[in-house]
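Protein chains in written order, with this note's numbering: chain A, -8 to 443; chain B, 142 to 656.
Everything on this sheet refers to the single structure shown next.
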Amino acid sequence: MKKLLQSPFVSNYGMIFVLLLLCAYFSLATIDQQNPVTPQAARKIVAFIAAQPTVKNVLVVVPRGVEDRRFAEAVRQGIEQGPHKVVGVVVGDPAMTRVEFVRLGAAGTTVDFVVTQYAAAKWDLLLPAGRQKLQQEYPSLGAIDVVKPNSYTWPTFLTPQHLLTVANQTALTGIVAIGMTMVIITAGIDLSVGSLIALSGVVVATLVGRMAGESDPTLVSLILCGMVAVSVCALLGAGSGLLATWFEVPAFIVTLGVMQIARGLAHKVAGGSKPVRVDSEMFHELSAGNAILGIPNPVIVMLLLYLAAHVLMSRTTLGRYLYAVGGNPEAARLSGVPVKVVVVFAYAMCGALAGLGGVLDASLFRTARASGAMGYELQIIAAVVVGGTSLAGGQGKVLGTLIGALILGVISDGMRLTDVAYDTQLIVFGSVIVVAVLVDKLKSRDWRMLRG
Amino acid sequence: MNAGDVATPASDAARSSAPLLRMTNVSKSFPGVHALQGVDLELHRGEVLALLGENGAGKSTLIKILGGAQSPDAGEIMIEGQPQSIANPLDAQRAGIGIIYQEFNLVPHLSARENIFLGQEGGGLRWLPVNAERQRARTLLDRIGVPLDVDARCGALTIAQQQVVEIAKALLTEARIIVMDEPSATLTLQEVDRLFAVIRELKSQGIGVIYISHRLDEIFEIADRVMVMRDGQHIDTRTIAESTREKMIELMVGRTLENEFPKQPAEIGSPRLRVQGLCRGRDVQDVSFEVRSGEIVGLTGLVGAGRTETARLIFGADRLERGTIELDGVPLRLRHPRDAIAAGICLLTEDRKAQGLVLGQTVRENFGLPNLARFSRLGFLNQRAENRSLDGYIKSLQIKVTGPEQRVGTLSGGNQQKVVLAKWLERNADVIIFDEPTRGIDVGAKFEIYLLMNRLAAAGKAILMISSELPEVIGMSDRILVMHEGRITGDVSDVNHTSQEVIMRMAVGSSKAGT
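Next comes the structure, spelled out in structure tokens:
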């Protein structure tokens, strides 16, 4: 047992067990009947219809709703690819459905199948009694069969879609926390990231808005706008790093100052606290799209960045220097490590990633506010700490931070799903951070000493 | 002197016949190590017992158990025949045990008086009897025989004075047993003399002192009996009268060392390092010298003479105000240690823990730090090459580690120094500056470091060895430079016909007295 506790994997990434436990807990707590209207469900129904030996007439009926409409559309397209006929699509309520039946009945069209979903299948009209009545009124409709996707019992939390949503919500924190991990490993801290996210969002939104003019901006110009926003933040971060190393001002104070400066700049650029809207569809697609395997783009970006950061921290000279500088700056300097350059790099990287976070955020919400991401820095620092990085510097793993960010994301989402009150949520969050720091302390000490 | 002869306040017969302190069969193990195996220790009233052993022999663990900082797995502690249960430092204090660790437990911003009384003010919120405290502190310091401004801030006191404050603190709690862990390590020679006077004063008051030191000279001067430990075991306890220096070393190391300083003269060639007119503030004033290939130049002087400061200038660690540094006739411009390292100069710092190593990192990471250019391509590390090279040094330097991934902070002093050596040897530098290379290192490891210096000199390197230990300087150097108050005050080429006295006279500046 002790051997296990002291193994490198557990001491570096032990938090992954906490994450899994949390997922298991929220899965159990959200077991519920699932009524899918997913593309998979639509495909199953299409396959069922297609397997009919004779040509069938199909009516699609769903209530109003974005996903239901998508479902109905998928079913219609699927069926029309085969020999069978879709005689009508209703997206609405029982009354509208009745009108449709009346129209079909009057025209003498047969309806063999009604494809619907969980809620609409319970409408009186579609229950056996209702259908019998319809058939009596309009014999031409024939014997109507109702087909709907199977319902089953499954944790709401554990559906692929929901997990992707959680990952997507974690992406912003997760991306910026990479830079924060580097800064904290050099024994520093960066309080300015929340403001930098807002500044970057406002800058990119304003630029895209200016360039858009009449037509949608091109991809190249969008990339340029994003790069300007990221560079501005990287420069401000580098500035913090310069002040913190060359003039030996405590990082806490320097970045507290930069936090205010960046917030002020954001208001200046945005011309006040009113939101800056971006209408470009292509810009929105950056965050809202899911080009690869249906995984949202921000999640892909986050995972790629973590991979790159992990390689940087564990396999490159620069990574080794970051740890050394945080562990003992004087020993590092006397070993020929360019300490100041390394520290400035960490802050610049942290700023750049905050900038990227701001761009993604503005893209997702099609809008940016100078007052956005307020207090975000604390959440990001919390993710790093929960991930096992020591605030004293020199120790920590970037993948631990990913786990930390996911833990916070899962807790916040899980509590929302299980209807935990906001005040309780805050108390839980605070406790998680405190416990994480305690665990870190315990890890660094000899277990025997504690008992002795 | 026989401990039994010391007069004790005759209270009752049982008390006076029992020794002041008796630790029997004390054992303690850590994961994978038996730190102590059935160790016995006896200390009498008015006696100084020297505790001797290499690093890792178990001295510190034994002392920590006595002080309640660690709990033993087995064993018994008796004070004046009464069994004691010491579970924490407070218990130890109540039992009359005062421990003065190498790192003092003083609050630098508080005055000497406040430090002496810290923790003894009594519970609850109450008015501090400042005048009474001041009076009491003065009495204690008088008892020690060192008058001191009791209202001086501790941070402003010298190390020696801080030590006195620690002793006073122990006396305040009526300590009858005082343990000093390497008390002389950071003291000047005069301060050591004064410390001995204090210890003799404590002895005369019937206090038992356990004195830990690596310096054999001191032990012969101050101790009544000496106890030697090795590998967590009690090896021998004998009176000083029946001990010799050679015997002590043999007991500590477990084998005979023919010669403490195995100096092998190497062929001395052309000058490699030449510095001229180095200046930096008051620390370094117009320092010029050269070190030739194959030569070991000893640089000595009192603490604060500017030796380390000179080394840091040559290494680019501090900004040079004036002067030139040449390597093989090529002038160097050093803005950062990086430049010096690239040119082929390396510095093994005096303070390994603060300046030489990143304690939280592994042996491999520390070893690689100045050598990453060799172990990487386009910034990507080649850990296999790093490990291969490190393995070679672990074997050749006999570094005792569980593996390359062991954290350096968990190694003993000697092995830490070897890791520092390995990382610089890998650089294959031309000029190697050793700053107090054997401080806090046990005899066996010292010997190995001397042998290594010989090898480096034979390979044509130029070696500058800074040291306060005069026997070492005389024993290992080809030439000796002495510094006093930032200047070079002595240059001894005929090392075989000099003495500690001659060098000490130069170090205190008396050769220039009157000018």
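Even for Gly, the Cβ is constructed at its ideal location relative to N, Cα and C.
Note that the structure is predicted; figures quoted are calculated from it, not measured.
For residue i, the three-state DSSP class (helix, strand or coil)
| i | result |
| --- | --- |
| Met6 of chain A | helix |
| Val561 of chain B | helix |
| Leu429 of chain A | helix |
| Met142 of chain B | Note that Met142 of chain B has pLDDT 42, beneath the 50 cutoff, so the model's placement of it is unreliable and the number below is only indicative. In the structure shown, Met142 of chain B sits in coil (DSSP, three-state: anything other than H, G, I, E or B). |
| Lys344 of chain B | helix |
| Gly280 of chain A | coil |
| Ile135 of chain A | coil |
| Glu431 of chain B | strand |
| Pro472 of chain B | strand |
| Val499 of chain B | coil |
| Arg442 of chain A | Here the model assigns Arg442 of chain A a pLDDT of 37, short of 50, so the residue's position is not dependable and the matter cannot be decided. |
| Glu183 of chain B | strand |
| Thr164 of chain A | helix |
| Gln275 of chain A | Reading off the sequence, residue 275 of chain A comes out as His, not Gln. Correct three-state label for His275 of chain A: helix. |
| Thr246 of chain A | helix |
| Ala359 of chain A | strand |
DSSP bridge partner residues for residue i (one or two, in chain order)
| i | result |
| --- | --- |
| Leu192 of chain B | B:Ile353, B:Met368 |
| Trp145 of chain A | A:Asp23 |
| Glu215 of chain B | It is Ala, not Glu, that sits at residue 215 of chain B in the sequence shown. Partner(s): B:Ser168. |
| Ile574 of chain B | B:Leu488, B:Leu605 |
| Lys388 of chain A | In the DSSP output, where bridge partners are listed per residue, Lys388 of chain A has none listed. |
| Met624 of chain B | B:Gly442, B:Ile629 |
CB contact check: residue i to chain B, cutoff 9 Å
| i | result |
| --- | --- |
| Arg439 of chain A | Its pLDDT being 38, under 50, Arg439 of chain A is placed unreliably by the model, and the measurement read from it follows with that caveat. Yes - at least one Cβ of chain B is within 9 Å of the one on Arg439 of chain A. |
| Gly379 of chain A | no |
| Gln386 of chain A | yes |
| Gly327 of chain A | yes |
| Thr172 of chain A | no |
| Ala339 of chain A | no |
Contact under 9 Å by Cβ, residue i with residue j
| i | j | result |
| --- | --- | --- |
| Asn3 of chain A | Ala110 of chain A | no |
| Asp410 of chain A | Gln160 of chain A | no |
| Leu355 of chain A | Phe148 of chain A | no |
| Leu347 of chain A | Val221 of chain A | yes |
| Lys602 of chain B | Ser434 of chain B | yes |
| Arg34 of chain A | Ala65 of chain A | yes |
| Gly421 of chain A | Gly317 of chain A | no |
| Leu163 of chain A | Ile286 of chain A | no |
| Gly232 of chain A | Phe336 of chain A | yes |
| Leu497 of chain A | Gln370 of chain A | Nothing in the structure corresponds to residue 497 of chain A, since chain A is present only between -8 and 443. |
| Ala374 of chain A | Ser191 of chain A | no |
Among the options, nearest to residue i - alpha-carbon criterion
| i | options | result |
| --- | --- | --- |
| Leu440 of chain B | B:Met393, B:Ile615, B:Phe171, B:Thr327 | B:Ile615 |
| Gly179 of chain A | A:Ala257, A:Tyr314, A:Gly395 | A:Tyr314 |
| Glu308 of chain B | B:Thr329, B:Gln331, B:Ala338 | Inspection of the sequence shows that residue 308 of chain B is occupied by Ile rather than by Glu. Cα-wise, what sits closest to Ile308 of chain B is B:Ala338. |
| Gln558 of chain B | B:Asp571, B:Asn569, B:Asp576, B:Gly544 | B:Asp576 |
| Val102 of chain A | A:Pro119, A:Thr88, A:Val78, A:Val82 | A:Val78 |
| Asp372 of chain B | B:Met624, B:Val649, B:Gly179, B:Val320 | B:Gly179 |
| Leu281 of chain B | B:Glu315, B:Cys420, B:Gly581, B:Lys587 | B:Glu315 |
| Ile188 of chain A | A:Val376, A:Leu227, A:His153 | A:Leu227 |
| Pro44 of chain A | A:Pro208, A:Gly73, A:Trp237, A:Ile372 | A:Gly73 |
| Gln331 of chain B | B:Glu359, B:Val350, B:Leu313, B:Met321 | B:Glu359 |
| Gly200 of chain A | A:Ile252, A:Ala225, A:Val260 | A:Val260 |
| Gln547 of chain B | B:Arg515, B:Ser530, B:Thr299, B:Leu500 | B:Leu500 |
| Gly447 of chain B | B:Gly422, B:Arg463, B:Val438 | B:Gly422 |
| Leu475 of chain B | B:Arg460, B:Phe516, B:Ile629, B:Leu489 | B:Arg460 |
CB contact check: residue i to chain A, cutoff 9 Å
| i | result |
| --- | --- |
| Gly439 of chain B | no |
| Phe456 of chain B | yes |
| Gly127 of chain B | Not covered by the structure: residue 127 of chain B. The range shown for chain B is 142 to 656. |
| Ala155 of chain B | Below a pLDDT of 50, predicted positions are generally treated as unreliable, and Ala155 of chain B, at 48, falls in that range; the measurement from the model is reported next regardless. Judged by the 9 Å Cβ criterion, Ala155 of chain B is not in contact with chain A. |
| Lys559 of chain B | no |
| Glu506 of chain B | yes |
| Ile482 of chain B | yes |
| Ala407 of chain B | no |
| Ala563 of chain B | no |
| Gln178 of chain B | no |
| His121 of chain B | Any answer about residue 121 of chain B is impossible in this case: the structure gives chain B only from 142 up to 656. |
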